[in-house]
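Enquirer:
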Amino acid sequence: MTAKPRILVVRNDKLGDFMLAWPALRALREGSQANHIAVLVPDYTAPLARVCPWIDEVIVDPGPKGDRELLTRLRAGRFDALLTLFSTPRIGWLGFRAGIALRMAPATKWAQLFYNARIRQRRSRSEKPEYRYNVELAERLLDRLGQRAPEAAPPHWPRSPEQRQVERQRIAAECGLDPDRPWWFLHPGSGGSAVNLTAERYVELLTKVHARLDRPVGWLITFGPNEEANAERIRAELAAAGLDARLMPRREGIAGFACSLAAGDGMIAGSTGPLHIAGCLDLGTVGFYPAKRSATSLRWQTCNDASKRLAFSPPPGSDPAAATDMGRIDLDAAAAPIAALIERLRFT
């Protein structure tokens, strides 16, 4: 192993999954500043990877049709170690063919045949948060490298007070929001990756929360591709109910959007990428999760401080469909702790 180990970390799936890899990337960086940390990510999350403080190099995964070019890139990278946080036969085979000496991944599926360091985790049991599974893999890799990372507290994406104020003043100027008032984001969309509350239920929830607050807050409704009409509908209904609600101004790319979230106090959303960005920033998070074993609030917990997060799911039921019926969540029971969290985390 070289004195300056070159490590390639693979998380080439969705945004939320990538954000839950940041604590593991941080562990690898803090194991030794000499480590060169590269990531293999899809084009979609590459802009965020480029602003991650724990990453030195970003390699965009071209997909199976570009495997020949990717293999050439991996060989040229002369990586000492490959850490695949979500293993697939394709990536395992490429790492093997690239001649990477140490190849580590969870011991799942037949993809593990291409790895020479395998860790049994049984993630489908949802016994730990996803980010903890990732950190455990990183810690095992560091152990093989003769390194150890200190225990790290949130935020896993640190932003300075000055950076937060720049984003806050920018949004205040664009939206006419009072910069001295707390702001919370609401992300009602899901990008098709997670169940969520309906627009009507979110309006009902925020109205109930508003009624329990000692002082009002500003609401910024965020949206993804093809979700603006739904976001505007929610904004209009909240405004009609007397809430200070605005649409989040558009930003250039996903990295610009993510950086702008540092302006707020917290986010309410389903188990989506934006919620996990907020978690990395150590904002307050209120997540709505199904009760399915593979998608529990524990498994997909945000990586912010425990005192800053709330999670709600449908009550248990014998019918499997009940696990994903978000209409069964008691909004009155949710509104009180959400209002209490908002009061505790007022922006300073």
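If you read the sequence shown in this note's numbering, its first letter stands for residue 1121, the second for the next number, and so on. Virtual Cβ for every residue (Gly too), placed ideally from N, Cα, C. As the structure is a prediction and not an experimental result, all values here were calculated from the model.
1. Going straight from the alpha carbon of Arg1466 to that of Leu1358, what length do you get?
2. So what does DSSP say about Arg1193, is it helix, strand or coil?
3. Out of curiosity, what's the CA-to-CA distance linking Trp1142 and His1276?
4. What first and last residue would you give for the alpha helix (DSSP H) that runs through Val1097?
5. Could you tell me the distance, in whole angstroms, from the CA atom of His1330 to the CA atom of Glu1247?
6. Buried or exposed: which applies to Lys1229, given that a residue is buried once 16 or more other Cβ atoms fall within 10 Å of its Cβ?
7. Can you tell me whether DSSP reads Asp1187 as helix, strand or coil?
8. Taking 7 Å as the cut-off, is the CB of Pro1434 close to at least one heavy atom of the ligand HEM?
9. Which residues in the same chain as Arg1284 place their Cβ atom closer than 7 Å to its Cβ, once the five residues preceding and following it in sequence are excluded?
10. So for Thr1208, helix, strand or coil by DSSP?
11. Could you spell out where the beta strand (DSSP E) holding Ile1179 opens and where it closes?
12. Could you pull the DSSP bridge partners for His1156 from this structure?
13. Could you pull out every residue in the same chain whose Cβ sits closer than 6 Å to the Cβ of Ser1244, ignoring the five residues on either side in sequence?
14. Below 8 Å on the Cβ atoms is my guess for Ile1341 versus Leu1306; work out the distance and round it to an integer in Å.
15. Exposed or buried, Pro1226, counting other C-beta atoms within 10 Å across all chains shown (16 or more means buried)?
16. Our contact map puts Lys1124 next to Ala1154 with C-beta atoms below 8 Å; I'd like the distance itself, whole angstroms only.
17. Please classify Asn1346: is it buried, with 16 or more other beta-carbons within 10 angstroms of its beta-carbon, or exposed?
18. In chain order, what residues of the same chain lie with their CB nearer than 6 Å to the CB of Pro1167, ignoring the 5 residues before and after it?
19. What is the DSSP secondary structure of Val1315, counted as helix, strand or coil?
20. Quick one: residues in its chain with C-beta nearer than 6 Å to the C-beta of Ala1231, no 5 flanking neighbours on either side, listed in chain order?
21. Mapping the DSSP letters down to three states, classify Phe1377 as helix, strand or coil.
22. Return the chain-ordered list of same chain residues with a C-beta closer than 6 Å to the C-beta of Ser1380, the five sequence neighbours on each side being excluded.
23. Measuring straight from C-alpha to C-alpha, what distance separates Arg1242 and Lys1412?
24. Return the residue from the list Ala1269, Tyr1235 and Asp1176 that minimises the CA-CA distance to Ala1144.
25. Please report the Cβ distance between Met1446 and Leu1317, rounded to the nearest whole angstrom; I am assuming they are in contact, meaning their Cβ atoms lie under 8 Å.
26. Sort out for me which residues DSSP pairs Pro1226 with in a bridge.
27. Can you look up Thr1444 in the DSSP assignment and give me helix, strand or coil?
28. Of the residues Asp1402, Met1139 and Leu1148, which one's Cα is nearest the Cα of Ser1280?
29. So which of Arg1170, Leu1128 and Lys1185 has the shortest CA-CA distance to Ala1196?
30. Kindly confirm or deny that the stretch 1441–1461 and the stretch 1323–1337 touch, where touching means at least three C-beta pairs closer than 8 Å.
31. Below 8 Å on the Cβ atoms is my contact criterion, and I expect Asn1254 with Leu1205 to pass it. Report the Cβ-Cβ distance as a whole number of Å.
32. In whole angstroms, what separates the C-alpha of Leu1233 from that of Leu1430?
33. For the putative contact between Val1161 and Arg1131, defined by C-beta atoms under 8 Å, what is the C-beta separation to the nearest angstrom?
Expert: Taking the geometry as given:
1. If you number the sequence shown from 1, residue 1466 lands on position 346. If you number the sequence shown from 1, residue 1358 lands on position 238. If you take the alpha carbons of Arg1466 and Leu1358, they lie about 21 Å apart.
2. As a first step, residue 1193 is located in the sequence shown; it is residue number 73 there, counting from the start. In this structure, Arg1193 counts as helix in the three-state DSSP scheme.
3. As a working mapping, residue 1142 is identified with position 22 in the sequence shown. As a working mapping, residue 1276 is identified with position 156 in the sequence shown. Roughly 6 Å separates the two Cα atoms.
4. Look at the range of the chain in this structure, 1121 to 1468, and you will see that residue 1097 is not part of it.
5. Within the sequence shown, numbered from 1, the residue matching residue 1330 stands at position 210. Within the sequence shown, numbered from 1, the residue matching residue 1247 stands at position 127. Straight-line Cα distance between these residues: approximately 34 Å.
6. Stepping through the sequence shown from its first residue, residue 1229 is reached at position 109. The residue is exposed, with fewer than 16 neighbouring Cβ atoms inside 10 Å.
7. Locating residue 1187 in the sequence shown gives position 67, where the first residue counts as 1. The answer is helix: DSSP assigns Asp1187 an H, G or I state.
8. Absence of the ligand HEM from the depicted structure is noted, as is the absence of any ligand whatsoever, leaving it without description.
9. Locating residue 1284 in the sequence shown gives position 164, counting from the first residue. Same-chain partners within the cutoff: Ala1382 and Ala1383.
10. Numbered from 1 along the sequence shown, position 88 holds the residue referred to as residue 1208. DSSP places Thr1208 in coil when its eight states are reduced to three.
11. Here residue 1179 is taken as the residue at index 59 of the sequence shown, counted from 1. That run of the beta strand (DSSP E) goes Glu1177 to Val1180.
12. Counted from its first residue, the sequence shown places residue 1156 at position 36. Bridge partners of His1156: Arg1126.
13. The residue given as residue 1244 occupies position 124 in the sequence shown. For Ser1244, where only same-chain residues beyond five positions count, the Cβ hits under 6 Å are Ser1414.
14. Mapped onto the sequence shown, residue 1341 falls at position 221. Mapped onto the sequence shown, residue 1306 falls at position 186. 5 Å between Cβ atoms; contact.
15. Mapped onto the sequence shown, residue 1226 falls at position 106. Buried: at least 16 other Cβ atoms inside 10 Å.
16. Translated into the one-based positions of the sequence shown, residue 1124 becomes position 4. Translated into the one-based positions of the sequence shown, residue 1154 becomes position 34. Yes, Lys1124 and Ala1154 are in contact; Cβ-Cβ is about 5 Å, under 8 Å.
17. Start at 1 with the first residue of the sequence shown, and residue 1346 comes out as number 226. Exposed is the call here.
18. Translated into positions along the sequence shown, residue 1167 becomes position 47. Within the same chain, Pro1167 has close Cβ partners Gly1373, Ile1374 and Ala1375.
19. Taking the first residue of the sequence shown as position 1, residue 1315 is located at position 195. Correct three-state label for Val1315: coil.
20. Taking the sequence shown and counting its residues from 1, one reaches residue 1231 at position 111. The answer, listed in chain order, is Ser1207, Thr1208, Pro1209 and Gly1212.
21. Numbered from its first residue, the sequence shown carries residue 1377 at position 257. Helix, per DSSP.
22. Mapped onto the sequence shown, residue 1380 falls at position 260. Within the same chain, Ser1380 has close Cβ partners Glu1287 and Arg1371.
23. Looking up residue 1242 in the sequence shown gives position 122. Looking up residue 1412 in the sequence shown gives position 292. Their Cα atoms are separated by approximately 16 Å.
24. As a first step, residue 1144 is located in the sequence shown; it is residue number 24 there, counting from the start. The residue with the shortest Cα to Cα distance from Ala1144 is Ala1269.
25. Along the sequence shown, read from residue 1 onward, the residue named residue 1446 stands at position 326. Along the sequence shown, read from residue 1 onward, the residue named residue 1317 stands at position 197. Distance from Met1446 to Leu1317 at the Cβ level is roughly 5 Å; contact confirmed, criterion being Cβ atoms closer than 8 Å.
26. Locating residue 1226 in the sequence shown gives position 106, where the first residue counts as 1. Paired residue(s): Ile1239.
27. Within the sequence shown, residue 1444 is the residue found at index 324, counting from 1. Correct three-state label for Thr1444: helix.
28. Position 160 of the sequence shown, counted from the start, is the residue given in the question as residue 1280. The shortest C-alpha separation from Ser1280 is found at Asp1402.
29. By 1-based counting over the sequence shown, the position of residue 1196 is 76. Nearest C-alpha to Ala1196: Leu1128.
30. yes
31. On the sequence shown, position 134 is the one that residue 1254 refers to. On the sequence shown, position 85 is the one that residue 1205 refers to. Going by Cβ atoms, the distance from Asn1254 to Leu1205 rounds to 5 Å, so yes, they are a contact pair.
32. On the sequence shown, position 113 is the one that residue 1233 refers to. On the sequence shown, position 310 is the one that residue 1430 refers to. Spanning the two alpha carbons is a distance of roughly 39 Å.
33. Looking up residue 1161 in the sequence shown gives position 41. Looking up residue 1131 in the sequence shown gives position 11. So it is a contact: roughly 6 Å between Cβ atoms.
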